[in-house]
Amino acid sequence: MVDATFLAVSVLTIGSAIAALEIRSMIYGSIALMITLAGVAGFFLLLDAPFVAMFQISVYVGSIAVLILFTVMLVRRELIFNKIEDPRRRYAGIGLMIITMLGIGTIIIGSGLKTMEVDAPPVDFREIGEDFLTYYSPALVVMALILASAVIGALVLARREDVTTDQRAD
Amino acid sequence: MAIGIYGLAVKRNAIRMLFAIEMIVNAANLNLVAFARFIPNSQGQTLALFSIAIAAAEVAVGLALIIVAYRMYKNIDIADFRSLKG
């Protein structure tokens, strides 16, 4: 029906997204999350956005998924296994999911967009880089400050207060 | 995005909820880039780049909160995070 590459990437992404939420072991779940994020990067490549795809791979798969994997390894496993959700909550969640899919699907199909073939040339990544440094430079500075403060905040939150390093040697 | 909303509503494990939040943010970014394909300028992709970077900061803070909660409760089931309850 549609392009084979698109179908393959979408099956991979959706399958690993479901697996990331449903697999019992958390480590396999976070590896499935890595595959989901790589699938989304594949979608970006299919959409003629190579800069965003590489950014996604380097930021999401390279740092965020690895951070999640490390955090998962710090939490002890045997506390997590025997949590069974309430079945009514699961049915409500599935109902919410179906409502969301139908709603967004009708909006997109009803908008009249037929194919992804456009005459406009894809955006050159150099143009994105130029825009970043000239037009969006205040936003770039603010983003850097946000990232720095988030890292400092995370370090302060995760600091252990009971382990002190004793500097006095004598 | 629908899978992310399902995960956020159903799962009680705090880290699985973080997985679901990441999926929702990725779905929103994908929508942004997909609809920006029809417009000749680069604004949609630039917004998607900013969004990815801000999501990185949010994941770092969220994981720090989960670690603190794990130390306090020895558990990451969100039904046990009750100390703010009035």
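Respectively, the protein sequence lines represent chains A and B.
Going from the first sequence to our numbering is simple: count from 1 and add 1.
Going from the second sequence to our numbering is simple: count from 1 and add 3.
For glycine and all other residues, C-beta sits at the position ideal for the given N, C-alpha and C.
Chain B residues whose Cβ lies nearer than 7 angstroms to that of residue i
i, result
"S64 (chain A)", "A59"
"T37 (chain A)", "M26"
Burial state of residue i (16 or more Cβ within 10 Å)
i, result
"R160 (chain A)", "exposed"
"I18 (chain B)", "buried"
"Y92 (chain A)", "exposed"
"N44 (chain B)", "exposed"
"T14 (chain A)", "buried"
"V71 (chain B)", "exposed"
"I65 (chain A)", "buried"
"F56 (chain A)", "buried"
Between the CA atoms of residue j and residue i - distance to the nearest angstrom
i, j, result
"L66 (chain B)", "A23 (chain B)", "14 angstroms"
"A50 (chain A)", "G16 (chain A)", "23 angstroms"
"S59 (chain A)", "I110 (chain A)", "33 angstroms"
"F38 (chain B)", "G47 (chain B)", "8 angstroms"
"A140 (chain A)", "A58 (chain B)", "15 angstroms"
"M74 (chain A)", "L46 (chain A)", "32 angstroms"
"A9 (chain A)", "A60 (chain B)", "31 angstroms"
Where residue i meets chain A, residues with beta-carbon distance less than 7 angstroms
i, result
"I55 (chain B)", "F56, Q57, V60, Y61"
Selection from the options that minimises the alpha carbon distance to residue i
i, options, result
"N34 (chain B)", "A:Y29, A:G106, A:A5", "A:G106"
"T72 (chain A)", "A:I32, A:A145, A:L8, A:S150", "A:I32"
"Y136 (chain A)", "B:V71, B:L50, B:A63, B:V28", "B:L50"
"A18 (chain A)", "A:A9, A:I36, A:T6", "A:I36"
"I28 (chain A)", "A:V143, A:L47, A:L68, A:A39", "A:L68"
"A145 (chain A)", "B:L52, B:A31, B:I42, B:R74", "B:L52"
Listed by chain order, chain A residues near residue i by CB distance under 8 angstroms
i, result
"M4 (chain B)", "T101, I105"
Amino acids of chain A, ordered along the chain, whose beta-carbon sits closer than 9 angstroms to that of residue i
i, result
"I69 (chain B)", "T72, V76"
Can you list, in chain order, the stretches of the beta strand (DSSP E) that have 3 or more residues and sit fully within the stretch 22-86 of chain B?
If we require 3 residues or more, the stretch 22-86 of chain B turns out to have no beta strand (DSSP E) run fully inside it.
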